[in-house]
Amino acid sequence: MRQPTASLSIKNWSEADRPREKLVRHGKTVLSDTELLAILLGSGSRHESALDLARRILGDNDHNLGKLGRLSIHQLMSYKGVGQAKAVLVSAAMEMGRRRQMADTGIKSAVKCSRDVFELLQPVLGELPHEEFWIVYLNNANKVIFHSQLSRGGITGTLVDVRLVLKKALELGAVALILAHNHPSGTLKPSAADKQLTEKLKKAAVALDIKVLDHLIITETNFFSFADENIL
1 MRQPTASLSI KNWSEADRPR EKLVRHGKTV LSDTELLAIL LGSGSRHESA LDLARRILGD
61 NDHNLGKLGR LSIHQLMSYK GVGQAKAVLV SAAMEMGRRR QMADTGIKSA VKCSRDVFEL
121 LQPVLGELPH EEFWIVYLNN ANKVIFHSQL SRGGITGTLV DVRLVLKKAL ELGAVALILA
181 HNHPSGTLKP SAADKQLTEK LKKAAVALDI KVLDHLIITE TNFFSFADEN IL
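Per full-length UniProt numbering, residue 1 is the first one in the sequence shown, and the count goes up by one each step.
Have a look at this one:
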C-alpha cells in the first residue's frame, strides 16, 4: 500500500505557494479556480493534497464552475477526501456565488429588450434541474418594480395561477408584465402549453389594462422570446 508523504500536505509547502496565504498576501483575484476550491476543501486525503483533490474535481467537471455548482451533496461526497461537511461547504459557496451573480445583475432602470430580461433572470433560472415560472412586473416607464417566482414544478412543467399574477400586478400598480420560465431540457422551442398559457394571461390582463410584453423561455446559455419571434 502506498504510504502518505509529507509533501502531500499543503502545510509543508512554502508560504508563497499556499492558497490561503496567497489570498491574504495578494488578494483573491490572483488565485485560480483550483486554489479557491482547495481553500474550501481545507484538506485532501492521505494520498492526495487539497489542491490535487480540487484539481481532480474540477477536471471531472470540465473546469466549469457551472457544472460544479450543479453537483449534489452526494455527488461531491463520492470523491475520496470529501465528507459531508466539506460537500456542504462547497455547495453553499456555489449557491452564494449564484446569488451574488443575481444581485450584481441588479434591477435595470428600464427593460429595453428581451436580453435585459434574460440577464436579469438567467442567474436564477439558467441552471435549475426543475421548471419554475417567474413574472417581471413593470411600471409605465418599463422599469422593473418587482420580479418573483410564481410557481415551481417538475422537470416537465409547472402550474400557473393567472389570478395570482394579476392580483400581484394590481397590488404593485404594474402596467405591464413579462413572463418567463426555464426549460431544464435545454430546448428553446415553446410547447403548445407554453403558447396557450401566454395567450390566457394576455387575454386576462387586457381586461385590467395591463400589457403582457413578452414571454421568455430561458436555458443556461440562451433564451427564446415570444415577442422577438412575433408570436405573442
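Built from N, CA and C at the ideal position, the CB exists for glycine as well.
Straight-line CA distance for residue i to residue j?
i	j	result
S78	F224	36 Å
L58	L31	15 Å
F226	A193	13 Å
A6	L125	Note that A6 scores a pLDDT of 41, beneath 50, so its modelled location is shaky; the value from the coordinates is reported in the next line. Going from the Cα of A6 to the Cα of L125 covers about 45 Å.
L232	Q149	21 Å
N61	L41	16 Å
For my contact list, residue i and residue j are in at a C-beta cut-off of 8 Å; report their separation, rounded to the angstrom.
i	j	result
L53	G44	4 Å
residue 243	G153	Because the chain is modelled from 1 through 232, residue 243 falls outside the range shown and cannot be assessed.
residue 298	L197	In the structure as shown, the chain starts at 1 and stops at 232, and residue 298 therefore has no counterpart that could be examined.
Only counting the same chain, and skipping five residues up and downstream in sequence, which positions put a Cβ closer than 6 Å to that of residue i?
i	result
A38	P19, A50, L51, A54
G69	M94
Is residue i near the ligand FAD, going by C-beta to nearest heavy atom under 7 Å?
i	result
L71	Because no ligand of any kind appears in the structure shown, any question about the ligand FAD cannot be addressed here.
Please go through the same chain and pick out, in chain order, the residues whose beta-carbon is closer than 8 Å to the beta-carbon of residue i, but skip the five residues on each side of it.
i	result
K22	A16, V30, L31, E35
L188	I217, T219, N222, F223, F224
I112	The identity of residue 112 in the sequence shown is Lys, whereas the question assumes Ile. Cβ within range, chain order: N142.
Can you list, in chain order, the residues of its chain with a C-beta nearer than 7 Å to that of residue i? Leave out the 5 residues immediately preceding and following it.
i	result
A110	A141, N142, K143
Does the beta-carbon of residue i have 16 or more other beta-carbons within 10 angstroms, so that it is buried, or is it exposed?
i	result
V88	exposed
T219	buried
L208	exposed
L170	exposed
Q84	exposed
K200	exposed
S91	buried
Does any C-beta atom of chain C lie closer than 8 Å to the C-beta of residue i?
i	result
K202	Of the protein chains in this structure there is only one, and it is not chain C.
Problem set entry | At least three beta-carbon pairs within less than 8 Å, the region 130-149 to the region 171-178 | yes
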